[in-house]
Amino acid sequence: MSDEFEKLLRSKEWNELTYDEKELAMRHVATEGDYFSLRKVSLALDKKPIASIEPGKEILHSLKTKMSGRTKEARPSWAAIVFRHKTPAYGTALWVGIALFVGWSLGKEKQIGSTMSERIVYQTDTVYQSLPSDTVYVKQVVYKYLPAKKAEPLITKVTTPEASLKGINMKEKEELETLLVSGSE
Amino acid sequence: MFGKNIAALTDEELMSRIQSGDEGAMTELYGRYSKQMVRYFYRMLWQDQNKAQDFLHDLFVRLIERPELFDVSRKFSTWIYSVAHNMCKNEYRKVSFRNNAQSFVQFETSVNEKITEEMDQKYLQQAIARAMESWEEDDRSLFVFRQELEMTFVEIGGVLGIPEGTAKSRWFYLRKQLADSFRDYKILLKAI
């Protein structure tokens, strides 16, 4: 049902409707009589009286008794009590800041003028070997003493070429010069 | 120190506190919903005041004893109306039609005797109660949610599990049925 028809129903009688409005009305009701009845019922319902009944006062009292009985049966743990009430973020941040400040101030007081004495304790620990030590065989390099050999000087034989007593004749000299000029073959 | 005022808490937050055993939260929630729920039960249960009070008490006892039944993913108002609606449906199944038909017949006789008289609000309310007898439980609840509690069609759809458009159509259909029944008995309504 359209909102337009609802408005017409509450505002106009059938004979007050325009042609278009009547066309709209005929989409929802069959006859003029239907329109009349529906209008009257709608207006009467709009003037509805609120039901003359109020909740009984004893009901709330009974419910509270039941609630307290249920609460006694199941007492909330300390965690439920602590965390029952939700706090906003800024409230939580403020409590954290306060806790940090208190902790810092308490720690700060301890550091000033602290005179801690130290006692030096010497303690000798005795270690008892419960198991026999393992025998480990290691390849040992044995160095044998060898006297160093005397270094013998290198014998160098220097030979001085001796001049030949035999000279060369003229013919051998010419052959030699020819050989030197022509180059080696 | 930094907690919210209990009156400023949402319905869902109050339910969460009730689960922890907070009596103040239960009192606040009762204050918010008790009037609407007792009027709903009054309309749905044949305008029986005693029955309406009993059902109101039972509804909140369920809430206290089994708070874990509340589905946190749903809106609380939708959930509590759904529970109330189901309680009424169960009651209809328990009470036999014969018991209700007797009161129906008596009313029928009185209407016929005054068939030519103009109807005032009192007779209209009685006529509505008579018409509701013939409706299904969902239609009865829809009518009461809309007429008595002035819920939106979106809220009604959430409780009954139907789309908003369907709730609107059903509401128009129920009013049309009322109008047809008035015309059939030729009861003249007082001119507005």
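These protein sequences, in sequence, are chains A and B. Okay, so the first sequence: first residue is -2 according to the working numbering, each after it adds one. Okay, so the second sequence: first residue is 9 according to the working numbering, each after it adds one. We treat Cβ as the ideally placed atom computed from N, Cα and C, and that holds for glycine. No experiment lies behind these values; they were computed from the predicted model shown.
| query | result |
| --- | --- |
| Of the residues B:Phe68, B:Asp66, B:Tyr50, B:Val80, which one's Cα is nearest the Cα of B:Arg148? | B:Tyr50 |
| Alpha carbon to alpha carbon, how far is B:Thr117 from A:Asp31? | Here the model assigns B:Thr117 a pLDDT of 37, short of 50, so the residue's position is not dependable and the matter cannot be decided. |
| Determine whether the beta carbon atoms of B:Gln4 and B:Val46 lie at a separation below 8 Å. | Look at the range of chain B in this structure, 9 to 200, and you will see that residue 4 of chain B is not part of it. |
| Can you tell me which of the three DSSP states B:Leu5 falls into? | For chain B, the structure presents residues 9 to 200; residue 5 of chain B sits outside this window and is missing. |
| Contact check, B:Leu17 vs A:Ile56 under 8 Å by CB: the rounded distance? | No, B:Leu17 and A:Ile56 are not in contact; Cβ-Cβ is about 22 Å, not under 8 Å. |
| What are the start and end residues of the alpha helix (DSSP H) that includes B:Tyr38? | 31 to 52 |
| Cβ of A:Leu6 within 8 Å of Cβ of A:Ser39? | yes |
| At a Cβ threshold of 8 Å, is B:Arg47 touching chain C? | Among the protein chains of the structure shown, namely A and B, there is no chain C. |
| Would you mind sorting B:Lys198 into buried or exposed? The rule is 16 or more other CB atoms within 10 Å of its CB. | Below a pLDDT of 50, predicted positions are generally treated as unreliable, and B:Lys198, at 45, falls in that range; no measurement from the model is reported. |
| Excluding five sequence neighbours on each side, which residues of the same chain lie with their C-beta closer than 6 Å to the C-beta of B:Ala175? | Phe161, Ile164, Gly165 |
| In angstroms with no decimal places, state the Cα-to-Cα distance between B:Phe204 and B:Met23. | Because residue 204 of chain B is not part of the residues shown, which for chain B are 9 to 200, the question remains open. |
| Please name the residue in B:Gln133, B:Tyr48, B:Ser85, B:Phe68 whose C-alpha comes closest to that of B:Lys97. | B:Tyr48 |
| When you compare only the Cα positions, how much space is there between B:Arg183 and A:Leu35? | 7 Å |
| Under 8 Å between the Cβ atoms of B:Ser42 and B:Val167? | no |
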